[in-house]
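Have a look at the structure below before the remarks.
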């Protein structure tokens, strides 16, 4: 089992619904977020292109945040989901520094928090909140170990990329381009 | 100007407009510190969204303590297909916003000063009822106007019609989609309506004329555009700005602003000259094709090139793309289409193009929507009125709804005609200061009228001008009318409260009934509560309140005609000739051009840039700018400036500038510059709804600028009274201009 998210940048309109749905699903305080949207613009008017991306923790197979956590609060569970046990987190921030995706933040209650791929939903057979809400249906979630899963098929058929490949983190969030 | 009515900041009351910093609003109980994720059983209640007019149906989730924690779409709903947009998802913020109006307020004079005092509902309602009685006695009920929007507007409309006034208007018409409705009526004998019956899901070619789907987050439409992208549909976007939709398009036509009609006529020219139109369809259903053909004979792509800056080869290629996809092609009617005053004629060109391509009533074009008609809860007939919105708008012969600006004009004694003077207003669910251009006209009117009531959930700009402010509860705390959707099949949705109204807020139906009863109109409000009305109506159409409380949405089979025309099917259109009128007999009868013509519009003088404005996907104008969840996503607007123009002006990215328009009007607040290649060098762009002047909107007060403030030159559509707003030009000022004598009114600046 290797959970992954595949996001189609050709369909994303950057509406940030994924951000609000995550906040209300996971009780992320207003002012903080576990996912966010970026826009990059290239070219000169009128030959201009933009890419919109919904970003979050990449649940890396080679996760620097897990390696550097002094207490073991950051850990990987079945399916490759990277989690933080809030009670074990001392809020030292080493993981925040180590993450090339800036995916983690310190919760006002003192612990480090980030995307869980909505594991509580996934366990019940549901999609993560961001995937379930997306009006453009540009986000897909599934098991990369299953060659027939939607995510495996999309990566097989479509051109794609990961963010910061040079960091060697083996991210599990992919962008269709 | 001496103002009789001073703008009152609601926070001046010491009403406890507590500023909630980032992170301060945390929902209780949904989340344990030791767990990585939230696990809790929630109770859910059906609702349909009120954050915009798309009215998606969904579920409000409430935790064990009774806190509203989240809202999700209803899978059975045709508007959302189970997926809410960011505004719908963030609708929880409307409920949690501590800046909400909390108690009724009454304007009181304290020497020279004016302020609001907190009042009981009884006091406030008595005062309104007594004013309504005295206006009726002195001037007739018609002199009490209603300017409204959304669900509360519907309840107030019933109150006003029962009382004897049909002096009713809403910005959704003359400030938004009016021209396209008239244009499509003239051509196909039918309004476009809402949601638009565009079959985007199955289209092969979608043409957007300035329509920024994806930034206007009209949910079902955005979803279907995404389906169309998946299906490999061609998207053609005409926009001087690289909108999100333009970035998804095969063709982005970066048109010179204000010249769209020339492009449309050239497309019509190509489609006729190259015989690319649907000959059978045009022959069977069309009227006036030969006149159209003659009319566009010289409107070549070469002619249009000089006007639009779009290359002739691109005009031809895109016309062929459309024809190749026909009839599965949609030249989208747009939504906010009041641009240059010839908007009905531009809408006509859009409709004609669809007619030539045979897309009306065809799969992948426009389908025939069907809705469920909801029986009216019994009440006596409304009294006749001596005059109404129609009288006030009669110089615009094809206006089909009340023109807000005409009601506003009729409130100024020197402007009122034939003694039809409006003496009082109720403003329900619309922030007129942001939704209507020409602030001076509104302020003149406000200073002229005797009395104004504002019904709102938020202390919006307009609330500061009211004599009485009534705090409405949010849509998550009330019952409302049944949402009956016209769609591919009929469906209905229920809105029910998920929590008790916070503070002293009340639902609009209750407010209307209370005022009605005080006016002796009990017969029009013959029910104890709104559940009674809903249950009666639902039982008439084969459901019940009990059933709808469980399911939220009920879908019905179509009973009328099929979704699309069948091949060669005889069909009578609801026009004078029973045909699709390329040549409009109705426009001709009323003395207007029966075929659309291109007219040049004013261009920005040196040093000025055309002001364009639009939407952001996470906001519905000024309605959501203070919503904690949505404000968190975007807390101010920015002014988009092309790098070349920025260089000429010496302006840097992120710098704050003030705006001055062609009439020397200054923006109250500065706006942050965003230098981007996504905008043409001759125009600037900003998202509408920001620049709040009411301090009690703590998150958003003074953040960003208001486009409406800069829109003082109005080009009125002579056909239906739409207020064309895209002929305004702004200059960027790097120094605060308000240190001089042109400073804005002091009371708006001070805390």
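Chains as they are written, first to last, in our numbering: chain A, 8 to 184; chain B, -13 to 737.
Ideal Cβ placement from N, Cα and C applies to all residues, glycine included.
Quiz item: Between residue 190 of chain B and chain A, is there a C-beta pair that is closer than 8 Å?
Solution: Taking the first residue of the second chain as position 1, residue 190 of chain B is located at position 204. Output row for residue 190 of chain B: interface = no.
Which one or two residues does DSSP pair with residue 471 of chain B in a beta bridge?
Taking the first residue of the second chain as position 1, residue 471 of chain B is located at position 485. Residue pairing of residue 471 of chain B in beta bridges, as defined by DSSP: B:477.
Taking only three categories from DSSP, how would you classify residue 667 of chain B?
Residue mapping note: residue 667 of chain B aligns to position 681 of the second chain, counting from 1. Residue 667 of chain B: coil per DSSP, three-state reduction.
query: At which residues does the alpha helix (DSSP H) containing residue 281 of chain B begin and terminate?
result: For the purposes of this step, residue 281 of chain B is taken as residue 295 along the second chain, with counting starting at 1. 275 to 281 is the span of the alpha helix (DSSP H), which, as asked, contains residue 281 of chain B.
**Asked** Relative to the C-alpha of residue 525 of chain B, which residue among B:642, B:90, B:267, B:540 is closest?
**Response** Position 539 of the second chain, counted from the first residue, corresponds to residue 525 of chain B. Comparing Cα-Cα distances from residue 525 of chain B to each of B:642, B:90, B:267, B:540, the minimum goes to B:540.
Cβ of residue 487 of chain B within 8 Å of any chain A Cβ:
In the second chain, residue 487 of chain B corresponds to position 501, counting from 1. Taking a beta-carbon distance threshold of 8 Å, residue 487 of chain B does not count as an interface residue toward chain A.
task: Compile a chain-ordered list of the residues in the region 208 to 221 of chain B whose CB is closer than 9 Å to at least one CB of chain A.
output: Within the region 208 to 221 of chain B, the residues whose Cβ lies closer than 9 Å to some Cβ of chain A are 208, 209, 211, 212, 213, 215, 216, listed in chain order.
- Message: Check for me: the beta strand (DSSP E) holding residue 60 of chain A runs from which residue to which?
- Response: By 1-based counting over the first chain, the position of residue 60 of chain A is 53. Element bounds for residue 60 of chain A: 54 to 62.
Hey, quick one: how far does the beta strand (DSSP E) through residue 82 of chain A stretch, first residue to last?
Within the first chain, the letter at position 75 stands for residue 82 of chain A. Where residue 82 of chain A is concerned, the enclosing beta strand (DSSP E) stretches over 81 to 83.
Discussion item. Just to confirm, is the Cβ distance from residue 228 of chain B to residue 296 of chain B under 8 Å?
Written reply: If you number the second chain from 1, residue 228 of chain B lands on position 242. If you number the second chain from 1, residue 296 of chain B lands on position 310. With respect to the 8 Å criterion, residue 228 of chain B and residue 296 of chain B are not classified as neighbours on the basis of their beta carbons.
- Nonlocal neighbours in the same chain, by C-beta distance under 7 Å from residue 393 of chain B, ignoring five residues either side: Locating residue 393 of chain B in the second chain gives position 407, where the first residue counts as 1. The beta carbon of residue 393 of chain B is closer than 7 Å to those of 131, 133, 153, 155, 375, 378, 408 in its chain, skipping five residues each way along the sequence.
key: Beta-carbon gap between residue 634 of chain B and residue 659 of chain B smaller than 8 Å   = By one-based count along the second chain, residue 634 of chain B stands at place 648. By one-based count along the second chain, residue 659 of chain B stands at place 673. Not in contact: residue 634 of chain B and residue 659 of chain B (Cβ atoms no closer than 8 Å).
Notebook entry, point to check: How about residue 17 of chain A: is its C-beta nearer than 8 Å to some C-beta of chain B?
Noted result: Translated into the one-based positions of the first chain, residue 17 of chain A becomes position 10. So, interface residue.
Report task. Go to residue 100 of chain B, then tell me how far its beta strand (DSSP E) extends in each direction, as first and last residue. Result -> The residue given as residue 100 of chain B occupies position 114 in the second chain. Going by DSSP, residue 100 of chain B is part of the beta strand (DSSP E) stretching over 99 to 104.
Select from B:699, B:103, B:292 the residue whose C-alpha is nearest the C-alpha of residue 95 of chain B. Along the second chain, read from residue 1 onward, the residue named residue 95 of chain B stands at position 109. Of B:699, B:103, B:292, the residue nearest in Cα terms is B:103.
Inset, instruction - Tell me whether residue 94 of chain A is buried or exposed, calling it buried when 16 or more other Cβ atoms sit within 10 Å of its Cβ. - result: As a position in the first chain, residue 94 of chain A is number 87, starting the count at 1. Exposed, because fewer than 16 other Cβ atoms sit within 10 Å of the Cβ of residue 94 of chain A.
Beta-carbon separation (whole angstroms), residue 60 of chain A vs residue 122 of chain A, contact threshold 8 Å: Locating residue 60 of chain A in the first chain gives position 53, where the first residue counts as 1. Locating residue 122 of chain A in the first chain gives position 115, where the first residue counts as 1. Contact between residue 60 of chain A and residue 122 of chain A does not hold, since the beta-carbon distance rounds to 14 Å and is not under 8 Å.
Going by the beta-carbon positions, is the gap between residue 76 of chain B and residue 613 of chain B smaller than 8 Å?
-> Here residue 76 of chain B corresponds to residue number 90 of the second chain, with the count starting at 1. Here residue 613 of chain B corresponds to residue number 627 of the second chain, with the count starting at 1. Contact flag set, yes.
query: Thinking C-alpha only, which one of B:422, B:369, B:129, B:478 is nearest residue 403 of chain B?
result: Walking along the second chain from the start, residue 403 of chain B turns up at place 417. Comparing Cα-Cα distances from residue 403 of chain B to each of B:422, B:369, B:129, B:478, the minimum goes to B:129.
**Asked** If we cut at 8 Å on Cβ distances, does residue 148 of chain B have a partner in chain A?
**Response** In the second chain, the residue the question calls residue 148 of chain B occupies position 162. Answer no: the Cβ-Cβ gap between residue 148 of chain B and chain A never drops below 8 Å.
Below 7 Å between beta carbons is the criterion; list the residues of the region 30 to 50 of chain A that meet it against any residue of chain B, in chain order. Answer set for the region 30 to 50 of chain A: 30, 31, 32, 33, 34, 36, 37, 38, 39, 48, 50.
Put residue 181 of chain A into one of helix, strand or coil per three-state DSSP.
-> In the first chain, counting from the first residue as 1, residue 181 of chain A sits at position 174. In the structure shown, residue 181 of chain A sits in a strand (DSSP, three-state: E or B).
### Message
Under 7 Å, CB to CB, which of the residues in the region 70 to 101 of chain B have a partner in chain A?
### Response
Of all residues in the region 70 to 101 of chain B, the ones placed with a Cβ closer than 7 Å to any Cβ belonging to chain A are 70, 71, 72, 75, 76, 78, in chain order.
Beta bridge counterpart(s) of residue 298 of chain B as assigned by DSSP: Along the second chain, read from residue 1 onward, the residue named residue 298 of chain B stands at position 312. Beta-bridge pairing by DSSP links residue 298 of chain B to no other residue.
Q.
Quick check on this structure: which residue in B:653, B:151, B:256 has the alpha carbon closest to the alpha carbon of residue 121 of chain B?
A. Locating residue 121 of chain B in the second chain gives position 135, where the first residue counts as 1. The candidate whose alpha carbon is nearest that of residue 121 of chain B is B:151.
**Request:** Starting from residue 43 of chain B, follow its DSSP beta bridges and name the residues at the other end.
**Result:** Residue numbering aside, residue 43 of chain B sits at position 57 when the second chain is read from its first letter. For residue 43 of chain B, which the question treats as bridged, DSSP gives the partners B:34.
- [ ] Report the neighbours of residue 234 of chain B on chain A: residues whose CB is nearer than 9 Å to its CB, in chain order.
- [x] Numbered from 1 along the second chain, position 248 holds the residue referred to as residue 234 of chain B. What residue 234 of chain B touches in chain A, judged by beta-carbon distance under 9 Å, is 17, 18, 20, going in chain order.
For residue 429 of chain B, the nearest candidate out of B:450, B:262, B:441, B:443 (CA to CA): For the purposes of this step, residue 429 of chain B is taken as the residue at position 443 of the second chain. When each option's Cα is compared against that of residue 429 of chain B, the closest is B:450.
message = Is residue 668 of chain B close to chain A? Criterion is C-beta to C-beta, closer than 8 Å.
response = Stepping through the second chain from its first residue, residue 668 of chain B is reached at position 682. Interface criterion not met: the Cβ of residue 668 of chain B is under 8 Å from no Cβ in chain A.
Exercise for review: Note down, in chain order, every chain C residue with its Cβ under 8 Å from the Cβ of residue 141 of chain A.
Suggested key: In the displayed structure, chain C is absent; the protein chains listed are A and B.
Collapsed DSSP secondary structure at residue 722 of chain B in the structure displayed:
Here the question's residue 722 of chain B lines up with position 736 in the second chain. Assignment of residue 722 of chain B by DSSP, reduced to helix, strand and coil, places it in the coil class.
Quiz item: Whose C-beta lies closer than 7 Å to the C-beta of residue 581 of chain B among residues of the same chain, with five residues either side of it excluded?
Solution: Position 595 of the second chain holds residue 581 of chain B. The answer, listed in chain order, is 277, 278, 281, 569.
Output needed for residue 590 of chain B: all residues of its chain with C-beta closer than 7 Å, excluding positions within five of it in sequence on either side, in chain order. Here residue 590 of chain B corresponds to residue number 604 of the second chain, with the count starting at 1. Here residue 590 of chain B has 596, 668, 715 as same chain residues with Cβ atoms under 7 Å from its own Cβ, once five neighbours each way along the sequence are excluded.
Notebook entry, point to check: Interface residues of chain A around residue 420 of chain B at Cβ under 9 Å?
Noted result: Translated into positions along the second chain, residue 420 of chain B becomes position 434. By Cβ distance, chain A contributes nothing, its closest Cβ being about 22 Å from residue 420 of chain B, past 9 Å.
Assigned secondary structure, residue 331 of chain B (DSSP; H/G/I helix, E/B strand, else coil)
Position 345 of the second chain holds residue 331 of chain B. Taken through DSSP and simplified to helix, strand or coil, residue 331 of chain B comes out as helix.
Quick one: which unbroken beta strand (DSSP E) runs of 3-plus residues sit fully inside the region 445 to 532 of chain B? Chain order, please. Complete beta strand (DSSP E) runs here, min 3: 454 to 457, 469 to 471, 477 to 479.
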